[in-house]
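I have placed the structure first, in the form of structure tokens, so that the comments after it can refer back to it.
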Amino acid sequence: MAKQIQAIRGMNDLLPSQTPAWHKLEQAIRELTASYGYSEIRTPIVESTDLFKRSIGEVTDIVEKEMYTFEDRNGDSLTLRPEGTASTVRAGNQHGLLYNQEQRLWYVGPMFRHERPQKGRYRQFHQFGVEVYGLNGPDIDAEVLLMSARLWKKLGLAEHVTLELNTLGDSDERAAYRDALVAYLEQHKESLDEDSQRRMYSNPLRVLDSKSPKTQALLGDAPKLMDFFGEDTKAHFSGLCELLDQAGIQYVVNPRLVRGLDYYNRTVFEWVTSSLGAQGTVLAGGRYDGLVNQLGGKPTPAVGFASGMERLVLLLQELELVESEPAIADVYVAAMGAGSQAAAFALSEQLRDEAPELKVMSHCGGGNFKKQMKRADKSGARVALILGEDEIARGEVMVKPLRRDEAQRSVALSEVAQVIKDSI
Ligand code: ATP
Ligand code: MG
């Protein structure tokens, strides 16, 4: 036998048993974004490599080691998008959507990062995200957080996630802090882990994020970013906290939260769960007022978030908030005897006209009563409709309940849709 070809490691097939959970999530996302007046944007999966280098930052995990970058046939360097923000800004600039305008946008789709595959971490994964342009107050930061909180409520996850919040200040405040931090780290260079020694000059704020216990121990006495904030940064953050308090959204201020991408300023946040093990962040984002300008557009304030959909689906499955074997059909139409197949199709089509909300499956492939009823059972249908030559001659059909202990009965074809609606 020929050797079977396997999928790429870390890139998952979503099998028929899993897609209903994805539909539930996608449906919730569409309803959610519509109910806040956000519009969908779709961008290509492939972009110029420079777009991600210039936005995410050269010294970040994503650009240093996670991107799928290749040369196309023209010799141009292209990259499979690792996230959605850079592409959204690129598209917004290119089509003149951003300057002097307000835009509330959302997107959903696959992203690609060459990471070590494990539970909740894949090489092709899906993000849902929102991006808002042209608004610089804490009110819009609060709105995107209200929106995320509503998503948890819609999905039944509200009890299982918590919000962590921080502010990173503006770029000049961070520059002053950066100098002070580097001066402190230089005094303790030998005690830092290897990654942090390398990063202390290229991206010192990431040292705060280090997972090394000895580096973390040192950071206790390091200068605090908070001490470098001016009045505007403080007012923005306290304005946001007040709006969240008034809306009844609970949060924890986490001064260690810095995020892995370079473009954030002021507000940053993560929604985390303890129900997924190590990969606990299900939604993350913040403000990125400098990025539009950095990518060639006019200065435009911006805020957004992205959410990892595989992690949300895992959470829904683990908390049993989605059916593990959802029914494919509500009604199974069986055809017995010569010439009954055409009548079975006609009945199925009639039902789809009269009751579009019903999932109607027509038996194909012939076979005896037992075989057809086995298929009906497997489909999960609650009712089988059986058309034999006698029923067809009388303009009737046999209605057989499959999940209740009720007798089957013959019903006129003209009444069958109503009978099914009443009995399901
Ligand atoms: P992490 O710290 O888990 O690596 P990140 O900071 O790299 O996350 P972001 O770039 O902020 O993640 O992406 C937003 C969200 O997308 C994450 O919070 C997570 O839910 C999801 N995500 C990121 N990388 C992956 C991945 N490789 N597989 C599945 N989901 C992912
Ligand atoms: Mg990551």
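Quick note: the sequence shown uses our numbering, first residue 26, plus one each step. Ideal placement from N, C-alpha and C gives every residue a C-beta, glycine not left out. Being a predicted model, the structure only gives us computed values, none of them experimental.
Residue span of the beta strand (DSSP E) that contains residue i, given as start and end
{"i": "P135", "result": "128–137"}
{"i": "M386", "result": "385–387"}
{"i": "Y93", "result": "93–96"}
{"i": "E295", "result": "290–297"}
{"i": "V444", "result": "From DSSP, V444 is part of no beta strand (DSSP E) but of the alpha helix (DSSP H) over 441–448."}
Which of helix, strand or coil DSSP assigns to residue i
{"i": "T187", "result": "strand"}
{"i": "H151", "result": "strand"}
{"i": "A367", "result": "helix"}
{"i": "T85", "result": "coil"}
{"i": "M36", "result": "strand"}
{"i": "V207", "result": "helix"}
{"i": "V283", "result": "coil"}
{"i": "V278", "result": "strand"}
{"i": "A200", "result": "helix"}
{"i": "P238", "result": "helix"}
{"i": "G264", "result": "helix"}
{"i": "E350", "result": "coil"}
{"i": "R428", "result": "coil"}
Sheet register partners of residue i (DSSP bridge)
{"i": "I411", "result": "A359, M423"}
{"i": "E10", "result": "Shown here, the chain extends from 26 to 449; a query on residue 10 therefore has no answer."}
{"i": "F77", "result": "Paired residue(s): none; F77 is not in a bridge."}
{"i": "S435", "result": "M423"}
{"i": "S332", "result": "F153, L308"}
{"i": "Q143", "result": "R146"}
{"i": "A327", "result": "Y158"}
{"i": "E65", "result": "W131"}
{"i": "T192", "result": "T292"}
Rounded separation between residue i and residue j - CA only
{"i": "Q452", "j": "L105", "result": "Past the boundaries of the shown model lies residue 452; the chain is included only from 26 to 449, so the question cannot be answered."}
{"i": "T325", "j": "S80", "result": "15 Å"}
{"i": "Y313", "j": "E198", "result": "15 Å"}
{"i": "R377", "j": "M361", "result": "21 Å"}
{"i": "D164", "j": "G310", "result": "15 Å"}
{"i": "D355", "j": "R407", "result": "6 Å"}
{"i": "G18", "j": "R146", "result": "Only positions 26 to 449 of the chain appear in this structure, which leaves residue 18 out of reach."}
{"i": "M452", "j": "L341", "result": "Limits of the chain in this structure are 26 at one end and 449 at the other, which puts residue 452 out of reach."}
{"i": "W47", "j": "M334", "result": "8 Å"}
{"i": "L103", "j": "Y93", "result": "8 Å"}
{"i": "H120", "j": "L344", "result": "42 Å"}
{"i": "V88", "j": "E108", "result": "11 Å"}
{"i": "C266", "j": "L301", "result": "27 Å"}
{"i": "N118", "j": "L337", "result": "31 Å"}
{"i": "E382", "j": "L282", "result": "46 Å"}
{"i": "S64", "j": "Y132", "result": "9 Å"}
{"i": "E431", "j": "I411", "result": "15 Å"}
Where the alpha helix (DSSP H) through residue i begins and ends
{"i": "Y226", "result": "219–227"}
{"i": "H213", "result": "No alpha helix (DSSP H) contains H213, which DSSP labels as neither H nor E."}
{"i": "P41", "result": "Premise fails: P41 is in no alpha helix (DSSP H) and is neither H nor E."}
{"i": "M251", "result": "Unbroken run through M251: none, as it is neither H nor E."}
{"i": "G117", "result": "110–119"}
{"i": "R400", "result": "394–403"}
{"i": "E382", "result": "Careful: E382 lies outside any alpha helix (DSSP H) and carries neither H nor E."}
ask   = Within the structure, which residues are defined as neighbours of the ligand MG by a Cβ-heavy atom distance below 6 Å, reported in chain order?
value = D86, G285
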